[in-house]
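Sequential numbering from 2 applies to the sequence shown in our numbering. We put the CB at the ideal spot given by N, CA and C, even for glycine. Take a look at the structure below.
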Amino acid sequence: MALLHVSRRRLWIALVLVVIGAPAYYAAVMYSPKADESAYTFDAAAVRLLADSLPGDKPSEIRFENVMAFEFAGAMVVAGDRWRGTPLPVYSYQLVYPQQTVIVDTAMPRSMAKPDFMVPAYDDEAYGRVSAALPKASLIVITHEHMDHIGGIASYPEPARLLPALRLSREQLAHPETMAPAKLAPELVAGIVPLQYEQMLAIAPGVVLIRAPGHTPGSQMVYVKRADGREVLFLGDIAWHRRNIELVRERPWFMTALVGENRAQVLPELSALHKLAQSNPEIHQVPGHDGEVVQALVAAGLMQAGFEP
Ligand SMILES: [Zn+2]
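As structure tokens, then:
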């Protein structure tokens, strides 16, 4: 009888846990709300006009370095996906012009690549090539102020050498806490003139910054029109993987809470990008950490592995 009593009590506890736990699990892991579609628009015609507004040659090549990869689970990337391992490669991009280069995102040093069990591989040589390319670039921009994008700037040993090329927005500079554990050198903070723009800003022939706050306050997309007219749109981490845009589904709540992301801002951006992919498939969208997308662009001849030496 006593045994039966205990097991019945356990049954009740289990039932209560399920009744409380299941909705909590659904809300934290599975649920992605519907986007307010009117809250963000992507004006492709305006972006293209701006891309053509600055005189001079557009970039002939888009190159990249794959410095490392985080190992996540699918359920951490897209709300409702399976708990199956999925890589999040970390990239730096180099736009190559006849007379100059522009760097978009700078990855991060090995010392910041933590925790170890979530970083199965790190390529020191690739990071070395990113560091070597930084002081040679005529412009350096980041999609947002997170360590895996700004880390290469923050840990560069001679920060003053980067100052002439560095373009960080007012919003990116206003949030050092979002950069942690990366930290900008005092001479960069003191010397940099912040970029200020409302919606879009042409920074080089064929290159336009597009404001997209939400993942972080300083998040922006980088549109690139190559010299041959082909178009690439770097999304930063509005989406980690293409599936976020295909399904218009956010990261799960527990991840957005961890990142400190504003989901109400990101969801309409995912929706606008979903529409853009349908109306303008020739604009090749590059999520922040999707190796399959990058490999497809390599196969299509739009990107090349390895920075120009
Ligand atoms: Zn990232």
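- For P60, no alpha helix (DSSP H) segment is defined, and its DSSP state is neither H nor E.
- In this structure, the CA atom of K184 is about 8 Å from the CA atom of G152.
- A residue is listed when its beta-carbon falls short of 6 Å from at least one non-hydrogen atom of ligand 1; in chain order these are H147, D149, H150, D238, G289, H290.
- The beta carbons of R250 and A80 sit closer together than 8 Å.
- Taking all protein chains in view, the Cβ of Q95 is crowded by 16 or more other Cβ atoms within 10 Å, so the residue is classified as buried.
- Within the same chain, and ignoring the five residues on either side of E38 in sequence, the residues whose Cβ sits closer than 6 Å to its Cβ are S272.
- Under the Cβ criterion (8 Å, minimum of three pairs), the region 237 to 255 counts as touching the region 286 to 297.
- Spanning the alpha carbons of F255 and D229 requires a straight line of approximately 42 Å.
- The bridge partners DSSP lists for R212 are Q221.
- I141 and L163 have their C-alpha atoms roughly 8 Å apart.
- In the assembly as shown, Y27 is an exposed residue. Its beta-carbon has fewer than 16 other beta-carbons within 10 Å.
- At least 8 Å separates the beta-carbon of Q286 from that of L303.
- The region 75 to 108 is shown to contain whole alpha helix (DSSP H) runs of 4 or more residues at 75 to 78, in chain order.
- Ranked by Cα distance from I239, the first of V78, P160, A134 is V78.
- Here Q279 is not near G215, since their CB atoms are 8 Å or more apart.
- As the crow flies, the alpha-carbon of L50 is around 16 Å from that of M222.
- Pairwise C-beta distances place the region 193 to 205 out of contact with the region 124 to 135, as fewer than three of them are shorter than 8 Å.
- Taking the C-beta atoms as reference points, I193 is found no nearer than 8 Å to L210.
- Restricting attention to F71, R64, W84, M119, the CA atom closest to the CA of D106 is found in R64.
- Put simply, the backbone Cα of L135 is about 14 Å away from that of L189.
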